[in-house]
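Sequential numbering from 322 applies to the sequence shown in the numbering used here.
Here the structure is laid out as structure tokens; the discussion comes afterwards.
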Amino acid sequence: MDNVTSVASIERDAELMLRVRDGDETSFALLLEKHRNSVIHFLYRMVQNQAIAEELAQEVFLRVYRSRQTYEPTAKFTTWLFRITTHLALNHVRDRRKDKLHDSIDEKIEDGAPRQLPTREANVEERLLRDARLGEVRKAIEELPEKQRGAVLMHKYQEMEYSQIAAILGCSESAVKSLLFRAYESLRSSLRQFSPGGNGLKAS
């Protein structure tokens, strides 16, 4: 059995995308419903702005739809999807860094709004401590180089394997491990006051 057939036979998402390729709009709606939230969540952690994350997610799925005629299930659908997602996210981050050189004051004002996502109720002290910790974690992740940041988000929050991250970033598994090692070392250093032993910030 060839690779295309084997992937299509075991993965529901690939089957749906093949139906989209054949003109089935309902299958595209199913893929959108299934993956939209995870794509937005990943993009939010990359760009730190909910509105921009949703806008980029629209572009992701627009590109998915436009690519339907050439789609072949040679890899997991999520690998293909997050390759598109990561490409757009990295481009946005790089463009934003260039813009900051020209408009840093406006950027600081815009970024002054709370970034934390809604969480369950807690008492004031617990909430303040948690928000401080989450704020520092997000700030530390945001300050990582783009590829390191993307690798951490895919590994830690999307729970992807090294092989899938490598396919998305277009590099070897050893390169992914190196990216993650450097990223987690930087995070451990930045967040030492919250996690003296480095727990929860290991690459594997």
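Glycine included, every Cβ here is placed at the ideal spot set by N, Cα and C.
- For the segment 336–395, the full-length alpha helix (DSSP H) segments reaching 4 residues or more read 346–368 and 371–387 along the chain.
- Nearest to ALA396 by alpha-carbon distance, out of ARG417, GLU354, SER507 and GLN485, is GLN485.
- With contacts defined as CB atoms closer than 8 Å, PHE382 and LEU411 fail to qualify as a contacting pair.
- The alpha carbon of VAL497 has as its nearest neighbour, out of ARG333, TRP401 and LYS477, the alpha carbon of LYS477.
- 8 Å or more divides the Cβ of GLU457 from the Cβ of LEU501.
- In the structure shown, MET475 adopts helical secondary structure according to DSSP, grouped into three states.
- Under the three-state reduction of DSSP, SER493 is assigned to coil, being neither helix nor strand.
- The DSSP-derived three-state label of LEU465 is coil.
- Sequence-distant Cβ neighbours of ALA378 in its own chain, meaning closer than 7 Å and more than five residues away, are ARG357, VAL360, ILE361 and LEU364.
- Apart from the 5 residues on each side of it in sequence, THR400 sits with its Cβ closer than 7 Å to the Cβ of GLN485, ALA488 and ILE489 in its chain, given in chain order.
- In the same chain as ASP416, and ignoring 5 residues on each side of it, no C-beta atom comes closer than 8 Å to its own.
- For THR347 and THR407, the gap between their C-alpha atoms comes out near 26 Å.
- The beta carbon of HIS413 sits closer than 8 Å to the beta carbons of MET367, VAL368, ILE373 and LEU377 from its chain, once the five residues preceding and following it are set aside; these are given in chain order.
- Look at GLU480 here: in three-state DSSP terms it is coil, with no helix or strand label.
- Look at GLU332 here: in three-state DSSP terms it is coil, with no helix or strand label.
- The residues LEU409, in chain order, have a CB closer than 8 Å to that of GLU380 in the same chain once the five nearest residues on each side in sequence are set aside.
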